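Undergrad: Chains as they are written, first to last, in the working numbering: chain F, 27 to 452; chain B, 56 to 452. Even for Gly, the Cβ is constructed at its ideal location relative to N, Cα and C. Only a predicted model underlies this, so the values are computations on that prediction, with no experimental measurement involved. A single structure is presented below for examination.
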Amino acid sequence: MSTQTTEKDASMLKQKEMIADHFHALAHAKKNGKKVVYTFVPGNLTELINHFGLLPVLPEINALQSGMRGKSAEYIAIAEKAGHSEDVCTYVKTDIGMLKAGNIGPTGEPLPKPDLLLLSYTGCFTFLKWFELLREEYDCPVVMLHVPYQADGAITPEMRDYVVGQIRREVIPAFERLSGVKYDEAKLRAQLALSARAEDDLVWVLESGKHRPSPIDAWFGGVYYIGPMFTSFRGTQDAIDYYRLLREEIQERLAQNLGPVTPDGPAGAERYRLVVEGPPNWTSFREFWRMFSSEGAVVVASSYTKVGGLYDRGFRHNPDDPLGTLADYCMGCYTNLNFPQRVALLESYINDYAADGFLINSVKSCNSFSAGQLLILRELEKRTGRPGGFIESDLVDPRYFSAANIKNRLESYFQMIEARRTGARP
Amino acid sequence: MSAPVQEKIPGRLGEMVAKMEALYADLDLAAVRDWKSRGQNRRAVGFLPVYVPREVIHAAGALPVGIMGGADRIEIVRGDSYFQSYICHLPRSVIELAVVGKLDALDGFVFPSICDVIRNLSGMFKLLLKDKFVHYLDLPQNFDRRLGGRFYIQDMQHLAQGIGRLTGVEVTDSALRASIKAFNHNRAAVRRLVAARSDRPWEVPTLEYFLLLRAGYLIPVEEHTALLDEYLELVGRSGRHMMDNVRVVVRGAFCEQPPLGLLRTLERAGCYVVDDDFVLGAHFIERDLDERGDPWEALAEGFMEYSVPSASKYDEHRTKGSELVRRVRDVRGEGVIFMAPSFCDPALLDQPMLAAALEKEHIAHTALKYSEDTGQFQVIREQAGTFADGLKLWSNA
Chain F
27 MSTQTTEKDA
37 SMLKQKEMIA
47 DHFHALAHAK
57 KNGKKVVYTF
67 VPGNLTELIN
77 HFGLLPVLPE
87 INALQSGMRG
97 KSAEYIAIAE
107 KAGHSEDVCT
117 YVKTDIGMLK
127 AGNIGPTGEP
137 LPKPDLLLLS
147 YTGCFTFLKW
157 FELLREEYDC
167 PVVMLHVPYQ
177 ADGAITPEMR
187 DYVVGQIRRE
197 VIPAFERLSG
207 VKYDEAKLRA
217 QLALSARAED
227 DLVWVLESGK
237 HRPSPIDAWF
247 GGVYYIGPMF
257 TSFRGTQDAI
267 DYYRLLREEI
277 QERLAQNLGP
287 VTPDGPAGAE
297 RYRLVVEGPP
307 NWTSFREFWR
317 MFSSEGAVVV
327 ASSYTKVGGL
337 YDRGFRHNPD
347 DPLGTLADYC
357 MGCYTNLNFP
367 QRVALLESYI
377 NDYAADGFLI
387 NSVKSCNSFS
397 AGQLLILREL
407 EKRTGRPGGF
417 IESDLVDPRY
427 FSAANIKNRL
437 ESYFQMIEAR
447 RTGARP
Chain B
56 MSAPVQEKIP
66 GRLGEMVAKM
76 EALYADLDLA
86 AVRDWKSRGQ
96 NRRAVGFLPV
106 YVPREVIHAA
116 GALPVGIMGG
126 ADRIEIVRGD
136 SYFQSYICHL
146 PRSVIELAVV
156 GKLDALDGFV
166 FPSICDVIRN
176 LSGMFKLLLK
186 DKFVHYLDLP
196 QNFDRRLGGR
206 FYIQDMQHLA
216 QGIGRLTGVE
226 VTDSALRASI
236 KAFNHNRAAV
246 RRLVAARSDR
256 PWEVPTLEYF
266 LLLRAGYLIP
276 VEEHTALLDE
286 YLELVGRSGR
296 HMMDNVRVVV
306 RGAFCEQPPL
316 GLLRTLERAG
326 CYVVDDDFVL
336 GAHFIERDLD
346 ERGDPWEALA
356 EGFMEYSVPS
366 ASKYDEHRTK
376 GSELVRRVRD
386 VRGEGVIFMA
396 PSFCDPALLD
406 QPMLAAALEK
416 EHIAHTALKY
426 SEDTGQFQVI
436 REQAGTFADG
446 LKLWSNA
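Following this line, the structure appears as structure tokens:
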């Protein structure tokens with residue numbers, strides 16, 4: 027066991043070091059003459075931002091980190107006091123509140139102001155309003171990257187041309203002006219080749235959930251696994267090293283027939299294999315995870331880990347078509363899929379990962395996920411015959427995390443799975 | 056379910072108002088069925104708020120029909136089971152209308168990009184109504200004509216092809232120009248209505264104004280233009296008296312519409328609504344579109360350059376605050392009521408920015424929330440009344 031702990035620590039430590047270095051670089055960006063671009067996770071252009079030596083800040087990552095650090099309640103209160111409605115997205119309010127409270131990042135160092143806001147609102151209209159709000163606070167330029175929705179379940183040539191055109195004519199010139207660096211396609215190709223290598227290992231990690239027992243938790247654990255890929259490290263050697271390390275650790279767990287590592291140590295026997303739709307709650311993340319792990323419930327696949335791209339469905343950044351592949355990436359994120367696509371994806375996860383059931387965590391803040399989830403629940407029950415569960419919480423507003431209520435619902439849900447196993451019907 | 060709220064009006068004006076009320080209450084789309092029955096293979100295509108280029112539907116030979124929810128006129132039995140409590144009300148009444156068959160007269164549906172809820176609703180329709188045409192209209196947020204404009208034209212052409220498959224009508228440039236002309240007439244008539252209401256709100260009560268706009272979402276555009284013209288002529292001779300009301304601008308009600316009782320409450324509380332974003336699609340384009348050149352370009356130009364600010368549209372030039380201030384000045388507004396549906400992210404996220412712009416100019420504002428089925432107005436009446444009293448006091452100070 028100590029070997030596993032050491033190995034686990036190796037990837038965790040590597041990730042921690044990478045993220046700490048990134049936030050340190052951000053804290054000293056102005057002093058070091060670095061320019062800063064704020065953008066969002068879904069459909070992010072990380073390689074392109076790094077290409078110009080710019081530093082990315084992802085406000086929704088800061089918001090979720092604030093949630094995990096127990097700061098979001100205070101930040102939300104600040105935003106609501108400033109006139110933001112209690113009805114709207116709590117990521118936005120956490121970010122606004124954090125800004126007004128001094129903009130201290132997750133490592134305790136201050137975050138720099140943006141020099142540019144790259145508004146790619148892939149899969150989420152709220153992002154659009156969010157950057158309009160930040161523009162009021164920072165008075166800096168905004169570059170719009172409109173990413174069309176896969177309304178008919180496919181990326182059409184017109185959609186692709188539109189996104190490529192915006193990157194070529196607007197995003198790249200804006201980055202050149204900001205950084206003073208000229209766009210170098212050969213360099214971008216090299217970055218994209220690095221991205222694809224890390225993506226291969228990420229997919230291997232995610233698909234290890236097909237084994238029984240699963241060596242990973244693809245939701246609670248999964249958010250750590252996607253962290254480097256979906257923040258600022260895609261297209262770097264660091265990302266390759268991290269995912270290689272992670273893959274080796276999971277290979278070791280597989281070899282020993284071990285389950286995932288939870289906050290309380292190695293998981294016990296795997297009793298329920300679940301597919302989960304929706305983001306997790308961040309304010310009570312460990313408590314929430316424990317409600318699953320204590321019952322032997324393991325999430326073998328999740329939609330949330332696909333908000334930054336569906337690599338497991340074959341997408342890889344393609345160095346041979348640098349701008350086209352960035353466009354495809356932007357449009358391919360989970361929340362940019364239409365409903366029939368989402369249902370089909372979840373159905374395939376339930377079957378491919380031999381899940382006992384599927385669970386929806388419906389978060390108040392995120393209509394992009396939540397609106398229509400009850401129809402997804404019905405469709406999946408109809409198509410797979412496996413039991414669906416439904417719980418409600420929020421991303422970062424602790425007022426909407428009712429531990430007793432969620433625990434009750436989960437226990438009932440696990441009982442339902444047991445009943446199905448013994449042949450009983452609801 | 057609330058009864059019609061308009062008091063009995065005599066004469067032809069009364070007949071017109073009664074007709075508008077009947078259209079408003081027509082959740083079974085009898086008017087649409089009637090229109091379809093008057094010709095062979097007629098098709099009708101529904102569209103959701105906020106803005107859809109109805110000219111394209113019209114040119115493809117179909118009747119564009121606005122789907123504005125069920126207001127307070129339908130009991131939600133099944134719709135609530137599709138949405139969590141923190142989702143706005145409009146989609147649940149739209150789903151209710153769909154699953155109980157009240158939208159059966161429609162052969163297709165267009166969902167313009169406005170927010171995540173309406174976007175996801177388009178996919179729900181794809182799953183629930185598999186035999187219907189469903190088009191998601193991804194309105195451009197990049198306002199460069201070579202980029203967003205081109206994409207928008209391609210999207211509109213896909214829409215035209217899809218509706219053309221329903222009607223058997225190919226949308227030619229000349230047909231589209233004719234449709235633009237018909238809608239230009241309508242836009243001009245709506246502008247006259249907007250101006251009359253702003254100049255003499257006692258002659259054009261908010262309720263009638265709202266019903267007139269809503270009627271345009273159910274009947275052919277040519278009939279609607281005639282209705283507007285006749286109404287304006289009659290109302291100018293109605294002899295309605297001015298009340299001691301304040302002049303307010305309303306913002307936030309561009310998608311889920313307020314119930315009629317709420318509109319009446321505002322006036323009873325002492326507020327003349329002299330500008331608003333109700334039924335915004337009907338007055339989204341501020342001027343006539345080119346009737347001679349490339350009609351697709353004309354439509355793209357309309358959306359990208361001549362459309363009014365809206366929370367559902369990216370504020371590229373950061374002018375929405377100043378535009379609201381300008382509008383308040385233009386209509387001699389004394390204050391602004393932010394009146395957004397509960398859980399409406401676009402409207403509610405916009406509010407702090409708009410409020411800040413008003414505060415810089417010392418324009419008073421207040422905020423309230425509603426849902427389309429709000430049935431209790433006492434609190435709103437008190438709030439709006441207090442706001443109106445405050446404005447009167449300040450303006451007299």
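(1) Select from the region 111–140 of chain F all residues with a C-beta closer than 8 Å to any C-beta belonging to chain B, and list them in chain order.
(2) With DSSP as the reference, please indicate the residues paired to H420 (chain B) in a beta bridge.
(3) Have a look at F:A216, F:F365 and F:S388 and flag the residue whose alpha-carbon is nearest the alpha-carbon of Q263 (chain F).
(4) Using a Cβ-Cβ distance cut-off of 8 Å, determine whether S57 (chain B) contacts chain F.
(5) For T331 (chain F) versus G415 (chain F), is the C-beta distance shorter than 8 Å?
(6) Do you know whose CA, among F:D382, F:A103 and F:P183, lies nearest G411 (chain F)'s CA?
(7) What's the call for D299 (chain B), buried or exposed, on a 16-neighbour Cβ count within 10 Å?
(8) Along the region 159–191 of chain F, what residues have a CB closer than 7 Å to any CB found in chain B?
(9) In three-state terms, what does DSSP make of T288 (chain F)?
(10) Name, please, each residue of chain C whose Cβ falls closer than 7 Å to the Cβ of N434 (chain F).
(11) I'd like to know if the region 310–330 of chain B and the region 278–294 of chain B are in contact, where contact means that at least 3 CB-CB pairs between them fall below 8 Å.
(12) Any idea what DSSP makes of G383 (chain F), helix, strand or coil?
(13) Cβ of P108 (chain B) within 8 Å of Cβ of L354 (chain B)?
(14) Could you name the residues of the same chain whose beta carbon sits closer than 8 Å to that of G294 (chain F), not counting the 5 residues immediately before and after it, in chain order?
(15) Give me the subset of the region 327–357 of chain F whose CB atoms are less than 9 Å from a CB atom of chain B, sorted by chain position.
(16) Give the DSSP-derived three-state secondary structure of H144 (chain B) in the structure shown.
(17) Does Q438 (chain B) have its Cβ less than 8 Å from a Cβ in chain F?
(18) For F339 (chain B), name the three-state secondary structure that DSSP assigns.
(19) Is the region 352–362 of chain F touching the region 165–178 of chain F, taking contact as three or more C-beta pairs under 8 Å?
(20) Looking at chain B, which residues of the region 385–400 of chain F have a Cβ within less than 7 Å of any of its Cβ atoms?
(21) Start and end of the alpha helix (DSSP H) containing Y137 (chain B)?
(22) With a 10 Å radius around its C-beta and 16 neighbouring C-beta atoms as the bar for buried, classify P183 (chain F) as buried or exposed.
(23) Would you verify that the beta carbon of C150 (chain F) is, or is not, closer than 8 Å to some beta carbon of chain B?
(24) Using only the alpha-carbon positions, how far apart do C115 (chain F) and S391 (chain F) sit?
(25) Should E418 (chain F) be flagged as near chain B, meaning a C-beta pair shorter than 8 Å?
(26) I'd like the list of long-range same chain contacts for K447 (chain B), defined as Cβ closer than 7 Å, with 5 residues on each side in sequence excluded.
(27) Measuring only the C-alpha atoms, how far is R342 (chain B) from R242 (chain B)?
(28) In three-state terms, what does DSSP make of E225 (chain B)?
(29) First and last residue of the beta strand (DSSP E) that includes S419 (chain F)?
(30) Does I418 (chain B) come within less than 8 Å of chain F when only Cβ atoms are used?
(31) Using a Cβ-Cβ cut-off of less than 9 Å, give me the residues of the region 357–382 of chain F that come near chain B, in sequence order.
(32) Straight-line CA distance for Y379 (chain F) to L184 (chain B)?
(33) Does the beta-carbon distance from S388 (chain F) to S396 (chain F) come in below 8 Å?
(34) Need the endpoints of the alpha helix (DSSP H) that S146 (chain F) sits in, please.
(35) So, for K181 (chain B): in the same chain, excluding its five sequence neighbours on each side, which residues have a beta-carbon less than 7 Å away from its beta-carbon?
(36) Apply the 10 Å Cβ neighbour rule to H279 (chain B) and answer buried if 16 or more other Cβ atoms are within range, or exposed otherwise.
TA: Per the coordinate set shown:
(1) Shown in chain order are the members of the region 111–140 of chain F whose Cβ falls below 8 Å from a Cβ of chain B: S111, D113, V114, C115 and V118.
(2) Bridge partners of H420 (chain B): B:V391.
(3) Selected option, being the one with the closest Cα: F:A216.
(4) Annotation note: pLDDT 45 at S57 (chain B) (below 50); position unreliable, no value reported.
(5) Not a contact, by the Cβ cut-off of 8 Å.
(6) Cα-wise, what sits closest to G411 (chain F) is F:D382.
(7) D299 (chain B) is classed as exposed because its beta carbon has fewer than 16 other beta carbons within 10 Å across all chains shown.
(8) Result list: L159, R161, E162, M170, H172, P174, Y175, A177, E184, Y188 and G191.
(9) Taken through DSSP and simplified to helix, strand or coil, T288 (chain F) comes out as strand.
(10) Here chain C cannot be found, since the structure's protein chains are F and B.
(11) As far as the Cβ criterion goes, the region 310–330 of chain B does not touch the region 278–294 of chain B, which means the pair count is below three.
(12) Correct three-state label for G383 (chain F): strand.
(13) In contact: P108 (chain B) and L354 (chain B) (Cβ atoms closer than 8 Å).
(14) If we look at G294 (chain F) and ignore the five residues flanking it on each side, its Cβ neighbours are G285, S319 and G322.
(15) Residues passing the 9 Å Cβ filter: none.
(16) In the structure shown, H144 (chain B) adopts coil according to DSSP, grouped into three states.
(17) With 8 Å as the cut-off, Q438 (chain B) does not count as an interface residue toward chain F.
(18) In this structure, F339 (chain B) counts as coil in the three-state DSSP scheme.
(19) Yes, they touch.
(20) Those residues of the region 385–400 of chain F that come within reach of chain B (Cβ to Cβ, closer than 7 Å) are S388, K390, N393, S394, S396, A397, G398 and L400.
(21) From DSSP, Y137 (chain B) is part of no alpha helix (DSSP H); its letter is neither H nor E.
(22) Here P183 (chain F) is exposed, its C-beta having fewer than 16 other C-beta atoms within 10 Å.
(23) Yes, contact with chain B.
(24) A direct Cα-to-Cα measurement between C115 (chain F) and S391 (chain F) gives close to 4 Å.
(25) Yes, contact with chain B.
(26) For K447 (chain B), where only same-chain residues beyond five positions count, the Cβ hits under 7 Å are V301.
(27) Distance between the alpha carbons of R342 (chain B) and R242 (chain B): 7 Å.
(28) Coil.
(29) For S419 (chain F), the enclosing beta strand (DSSP E) has its first and last residue at G414 to S419.
(30) Using beta-carbon distances, I418 (chain B) does not count as an interface residue toward chain F, since no partner is under 8 Å.
(31) Residues T361, L363, N364, F365, P366, Q367, R368 and V369.
(32) For Y379 (chain F) and L184 (chain B), the distance between alpha carbons rounds to 30 Å.
(33) In this structure, S388 (chain F) places its C-beta atom within 8 Å of the C-beta atom of S396 (chain F).
(34) Here S146 (chain F) belongs to no alpha helix (DSSP H); instead the beta strand (DSSP E) covers L142 to S146.
(35) When the five nearest sequence neighbours on each side are left out, the beta carbons in the same chain lying within less than 7 Å of the beta carbon of K181 (chain B) are those of V189, in order along the chain.
(36) Residue burial annotation: H279 (chain B) is buried, with at least 16 other C-beta atoms found within 10 angstroms of its C-beta.
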